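One structure is given below, encoded as structure tokens.
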Amino acid sequence: MVDLIQEIYGTIMRNKLRTALTGFSVAWGIFMLIVLLGAGNGLIHAFEGQSEGMMMNSMKIFPGFTSKPYKGFKEGRSISLDESDRLLTERAFPNHVIATGATVSKSDAYLAYGKETVSIGIDGVFPNYPELEAVKVKEGRFINQRDMQERRKVIVLHEKTAKILFPSTQPLGKYLNSNGVAYQVVGIYTDQNSFSPTALIPFTTLQVVYNKGDSIDNLIFSTKGLTDEATNEAFERDYRKTIGGNKHFAPDDDGAIWIWNRFTQYLQQQSAASVLHIAIWVIGIFTLLSGIVGVSNIMLITVRERTHEFGIRKALGAKPMSILWLIISESVTITTFFGYIGMVAGIAVTEYMNQVAGKQTMDAGPFSVTVFENPTVDMGIAIQATLTLIIAGTLAGLFPARKAVRIRPIEALRAD
Numbered sequence: 044m045v046d047l048i049q050e051i052y053g054t055i056m057r058n059k060l061r062t063a064l065t066g067f068s069v070a071w072g073i074f075m076l077i078v079l080l081g082a083g084n085g086l087i088h089a090f091e092g093q094s095e096g097m098m099m100n101s102m103k104i105f106p107g108f109t110s111k112p113y114k115g116f117k118e119g120r121s122i123s124l125d126e127s128d129r130l131l132t133e134r135a136f137p138n139h140v141i142a143t144g145a146t147v148s149k150s151d152a153y154l155a156y157g158k159e160t161v162s163i164g165i166d167g168v169f170p171n172y173p174e175l176e177a178v179k180v181k182e183g184r185f186i187n188q189r190d191m192q193e194r195r196k197v198i199v200l201h202e203k204t205a206k207i208l209f210p211s212t213q214p215l216g217k218y219l220n221s222n223g224v225a226y227q228v229v230g231i232y233t234d235q236n237s238f239s240p241t242a243l244i245p246f247t248t249l250q251v252v253y254n255k256g257d258s259i260d261n262l263i264f265s266t267k268g269l270t271d272e273a274t275n276e277a278f279e280r281d282y283r284k285t286i287g288g289n290k291h292f293a294p295d296d297d298g299a300i301w302i303w304n305r306f307t308q309y310l311q312q313q314s315a316a317s318v319l320h321i322a323i324w325v326i327g328i329f330t331l332l333s334g335i336v337g338v339s340n341i342m343l344i345t346v347r348e349r350t351h352e353f354g355i356r357k358a359l360g361a362k363p364m365s366i367l368w369l370i371i372s373e374s375v376t377i378t379t380f381f382g383y384i385g386m387v388a389g390i391a392v393t394e395y396m397n398q399v400a401g402k403q404t405m406d407a408g409p410f411s412v413t414v415f416e417n418p419t420v421d422m423g424i425a426i427q428a429t430l431t432l433i434i435a436g437t438l439a440g441l442f443p444a445r446k447a448v449r450i451r452p453i454e455a456l457r458a459d
């Protein structure tokens, strides 16, 4: 083993520049692979973070416009949702629907406290809203059932809204004015990503204060027993048919209501993440392949330069396997050594990215969204990269080694 190490070292030292340039291409390939994987993870983690805390086994229903005529009704008719649709959802699907909720909204409202004002939308929601959406109560409490029953004028603010209206005081317990209506602040909520955050009040309160009747802007419910895409698609068809019977639109009219199925979205998200990972690996491996080709070429040159030496070895009784092992060992050594340099450099870059942009958000006042998060690679990726290096080094040396083994001693001794 010591003799093998000395031979490999001597060969590398005799061709320092050539080995260094070839090794650099290997290091660059694995460096790019690690950096691409880290960047891909940053995008995937940010995408996953947007739905963190959101109940995946849930569906959200939005009204739309009919896309085909039905029973004398023309296409293009506006469909609206109301309380009867929520109750029908609970009654018609007891085996699949756990709990229902709804949202009704008031846009372009103004909230004022002292000299501070903000233009914002107000949503009337059910007490189970935090269980269905990706929101968390940061301070105080959320809307409860008694608020709903008594139609209390209480309000839960987003943390960014609270900072605007109460820059230097505690908001809980204070009263806000909204177009002549006083609301008491009972809670502060936060979420992963804020697409124009709204203020939240009891569903029944908004219906009464803003004369919404029993209309619903969107309906949401959690589900059970729907474990794959097939069962979810079957449920969606049944649900569309049921609501269509209540609203008089065709059972197969996809435009009448829009169903946001979070479970199937999650499956699609996982599939997209897998495709992204595969694409990154393909790009990285092809980049690494350029370095491996360089290693293979240098080993071919080495075999050609040492043809005379290999002939003497075989003439003295050296077994073909020993020559094969020598060439492959040199290839694996060069590939692994420089590969680890590239891997360490790549990991260092991903850690730097994590420090600088590990929680990158696009923030414009009340609007914010996480676009890049935790761009690092885990131990599993390092192991996969290590195996890739070993396999690549073996393949890079295999073909030159087979050529060396086929050299006949008499021809090798005649070589210059």
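The sequence shown maps to residues 44 to 459 in our numbering.
Positions of the beta carbon are idealized from the N, C-alpha and C atoms, including for glycine.
As the structure is a computational prediction, the values presented were derived from the model and not from experiment.
Collapsed DSSP secondary structure at residue i in the structure displayed
i: F108; result: strand
i: H201; result: strand
i: Y227; result: Residue identity differs from the one stated: residue 227 is Gln in this sequence, not Tyr. DSSP places Q227 in strand when its eight states are reduced to three.
i: V420; result: coil
i: Y253; result: coil
i: G216; result: coil
i: D166; result: strand
i: M98; result: coil
i: K103; result: strand
i: L269; result: coil
i: P245; result: strand
i: I390; result: helix
i: F116; result: strand
i: D281; result: helix
i: S123; result: coil
i: S374; result: helix
i: S258; result: strand
i: S221; result: strand
Where the alpha helix (DSSP H) through residue i begins and ends
i: D190; result: Q188 to E193
i: G354; result: T350 to A358
i: R134; result: E126 to A135
i: P173; result: Y172 to L175
Residues near residue i by beta carbon distance below 7 Å, same chain, minus five either side
i: A435; result: L331, I335 and T378
i: A205; result: P214 and I231
i: P106; result: I122, S123, L124 and I300
i: N289; result: S127, D128 and L131
Per-residue burial, residue i [other beta carbons within 10 Å of its own, 16 or more giving buried]
i: G408; result: The predicted position of G408 is uncertain, since its pLDDT is 43 and thus under 50; no value can be drawn from it.
i: K149; result: buried
i: A439; result: buried
i: I426; result: exposed
i: Y462; result: Residue numbering for the chain in the displayed model covers 44 to 459; residue 462 lies beyond these limits and cannot be assessed.
i: R305; result: buried
i: F428; result: Checking the sequence, you will find Ala at residue 428 rather than Phe. Buried, because 16 or more other Cβ atoms sit within 10 Å of the Cβ of A428.
i: Y226; result: buried
i: S317; result: exposed
i: G385; result: buried
i: S211; result: exposed
i: Y218; result: exposed
i: A277; result: exposed
i: V251; result: exposed
i: K357; result: buried
Span of the beta strand (DSSP E) around residue i
i: G144; result: V140 to Y156
i: F264; result: N261 to T266
i: G183; result: V178 to G183
i: N304; result: I300 to N304
Assumed close pair residue i, residue j - CB separation to whole angstroms, cut-off 8 Å
i: G144; j: I263; result: 5 Å
i: V346; j: K446; result: 6 Å
i: F209; j: Y253; result: Wrong, their Cβ atoms sit about 24 Å apart, outside the cutoff.
i: I433; j: G354; result: The Cβ separation is near 30 Å, so there is no contact.
i: G81; j: T431; result: Actually they do not touch by this definition, with Cβ atoms about 16 Å apart.
i: N100; j: L269; result: 7 Å
i: A273; j: I370; result: 54 Å between Cβ atoms; not a contact.
i: G382; j: V78; result: At roughly 14 Å, the Cβ-Cβ gap does not stay under 8 Å, so G382 and V78 are not in contact.
Chain-order list of residues whose beta-carbon lies under 8 Å from that of residue i (same chain, five-residue window excluded)
i: N222; result: A152 and Y153
i: K179; result: G96, P173, Y232, T233 and D234
i: T241; result: S148, I163, G164, I165, D166 and H201
i: A391; result: none
Neighbour flag for residue i against chain C, beta carbons, 8 Å
i: F67; result: Note that chain C does not occur in the displayed structure, where there is just one protein chain.
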